[in-house]
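Notes follow once the structure below has been shown.
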Amino acid sequence: MTNVAVNTYTHSVTYVADNILKSLKDIIRLSGLDPSEFVGDWDTHMRGIQTWLNTGDLETVKLEIYDPKTDALIFRWDIEISYGWSGGDGSFWTDTDQLRYAIRKAGLAPSEARYRFLLHTKPGRPDVIGWSKTTARSTDGMIRQSLGTTIEHSGLGARTSYLRRA
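Take 0 as the starting number for the sequence shown in numbering that gives the first Met the number 0 and just add one per residue.
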């Protein structure tokens, strides 16, 4: 029985990690930016997300869209992780329609904008090759728009929101 639960949780981690990355790729692309750099680092991104989902150390996945001239945020997309894993009731889904609607509502990023992918973890988390510590850009003067849960697999899920200038 333990073997089944472990395999089911591993499947949940894989499903949630894959759909987080697919959602971020859509955010980048539908915001008018080129996702090639993001896609080029897919394996590194996946390794970090999967490792820290497995250990329960991943708290938030962040995508900063910023002005490279001023280094100020234009938008930030946050995906907060929920660890309510229920042991494999078989429910899984990703709300791509809600995400697409929110991206349209947030609007296009300026063509000169750049983006950066960050993972916020608990202190003491294990190290992962390709990842190092950094500081997120300031969100002063920004307001949060919540989408609610956008990814779910047997209780392991992700709630998405974005921050924009007031």
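Glycine is no exception: its CB is placed at the ideal position from the N, C-alpha and C atoms.
Rounded Cβ spacing between T120 and W51 (contact assumed at less than 8 Å): That pair is a contact at about 5 Å.
As a quick exercise: from F37, G47, S81, pick the residue whose alpha carbon is nearest that of T149. Checking every option, the nearest Cα to that of T149 belongs to S81.
Kindly provide the ranges of any beta strand (DSSP E) runs that are 3 or more residues long and lie completely inside the region 76 to 143, ordered along the chain. For the region 76 to 143, whole beta strand (DSSP E) runs of length 3 or above, ordered along the chain, are 91 to 93, 113 to 120.
Any idea which residues DSSP pairs E63 with across the strands? Per DSSP, R75, R115.
Please identify the residue among K132, I26, Y114, T54 whose C-alpha is closest to the C-alpha of K68. Among K132, I26, Y114, T54, the Cα nearest to that of K68 is on Y114.
For L107, count neighbouring C-beta atoms within 10 Å of its own C-beta (all shown protein chains included) and say buried if the count is 16 or more, exposed if not. L107 is exposed by the Cβ-count criterion.
For a test of the three-state rule: what should DSSP assign to S145, helix, strand or coil? In the three-state reduction of the DSSP assignment, S145 falls in the strand class.
Nearest to R163 by CA position, among E79, G47, A101, is which residue? R163 has its Cα closest to that of A101, out of E79, G47, A101.
Shortest alpha-carbon distance to S137 belongs to which of Y65, L23, I19, H10? Residue Y65 is the option with its Cα nearest to S137.
Please state whether the Cβ-Cβ distance between A165 and I128 is less than 9 Å. No, Cβ-Cβ distance for A165 and I128 is not below 9 Å.
Roughly how far, in whole angstroms, is the beta-carbon of W76 from the beta-carbon of E151, given that I think they are within contact range, below 8 Å? Contact check for W76 and E151: beta-carbon distance about 18 Å, past the 8 Å limit, so the pair fails to qualify.
Please report the residue range of the alpha helix (DSSP H) in which S160 lies. For S160, there is no enclosing alpha helix (DSSP H); the enclosing beta strand (DSSP E) has its first and last residue at 155 to 164.
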